[in-house]
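K.L.:
For reference, the structure I am asking about is given below.
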Amino acid sequence: MTDEDTPEPPDTSGTEIGAGLLEQNMGPSSSLAHLYRGEIHRMKFWRERLDRTSNWAITLMAAILTWAFSSRSNPHYIVLLAIITVSIFLLIEARRYRAYDIWRSRVRMLQQNVFALGLDDSKGVVDEEWRRKLSEDYRYPKMKVSLEEALAHRLRRVYTPLFFVLLVAWVFQLTAYTNDTWPEAAAIGHIPGTIVTGIVVAFYAGILVVAYRPRTWHINGEILPSDVTGWDYSRE
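Going by the numbering used here, the first residue of the sequence shown is number 1112, and it counts up by one from there.
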């Protein structure tokens, strides 16, 4: 056997691994379909974690309110403890939402630039740099939304109504379950009622600012209230 007939050893450097796997003109290939299915699974897992946090917050809030109004002798600050507890759940859920957005943003990128293009190529891709961005995201995963934006999203979707139910319950207990007048009725031990009321007002002003101040949203693919329009499926 001559040197010309000797087969070249396989490339073990790893530089060719994955080359050609996803060509520029590819459609939803088998490898991409498996990748998409995996991202959907992880997104679903984190979505369920979000729902569990919300369910626990609502359940605990209902239990505290039930006990707070079970007797006129129960102190009003029990409702304030419920506000603190729900705030803790909000922080936990906001952190989970930031992780959930990692997988959801990848899914939306594939839907917008691969599957939507495969169904109708007349409008092209949404982002010309989607391949580079997705590759970079797989190399160096990072959270794409800030904690404040995640808090604003969860406040708008779930927690603002919960907080205002607790506010109404607190005001009702102070006015209907005690013989004292405001602000003396809001006192907690040696803390005057004016200070307690001021803290509550500041807290609620803060969550309103975080939730509803004008901002540029960085959440990819989330349906915001401004995006809800009457889509006509009969139009071309």
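Think of the CB as a built atom: it goes at the ideal place given N, C-alpha and C, for glycine as much as any other residue.
Treat the numbers as computed from the prediction; the structure is a model and nothing was measured.
1) To the nearest angstrom, report how far apart S1246 and I1306 are at their CA atoms.
2) Is it right to say Y1251 is buried, meaning 16 or more other beta carbons lie within 10 angstroms of its own, or is it exposed?
3) With distances taken between CB atoms, is the gap from V1197 to A1179 smaller than 8 Å?
4) For I1330, which of helix, strand or coil comes out of DSSP?
5) For A1280 and A1210, I'd like the C-alpha separation in whole angstroms.
6) Taking only the alpha-carbon atoms, compute the straight-line gap between V1276 and P1303 and give it to the nearest angstrom.
7) Could you work out which residue in H1264, S1184, H1152 is closest to R1369 when comparing CA atoms only?
8) Check whether the region 1148-1157 and the region 1212-1220 are in contact - that is, three or more C-beta pairs closer than 8 Å.
9) Hey, how far is the Cα of M1137 from the Cα of W1241?
10) Just the Cα atoms here: how many angstroms apart are L1285 and L1230?
11) Going by CA-CA distance only, name the one from H1187, F1200, H1145, H1329 that's closest to D1162.
12) Give me the DSSP bridge partner(s) of I1299.
13) Hey, is W1241's beta-carbon within less than 8 Å of any beta-carbon in chain B?
14) How many Å lie between K1253 and D1291 at the Cα?
P.N.:
To lay it out plainly:
1) 53 Å
2) exposed
3) no
4) coil
5) 33 Å
6) 24 Å
7) Missing from the structure shown is residue 1369; the chain here goes from 1112 to 1347 and no further.
8) yes
9) Confidence at M1137 is low in this model, with a pLDDT of 49, below 50, so the placement of that residue should be treated as unreliable; the coordinate-derived value is given next. Distance between the alpha carbons of M1137 and W1241 is about 14 Å.
10) 59 Å
11) F1200
12) I1302
13) In the displayed structure, chain B is absent; only one protein chain is listed.
14) 53 Å
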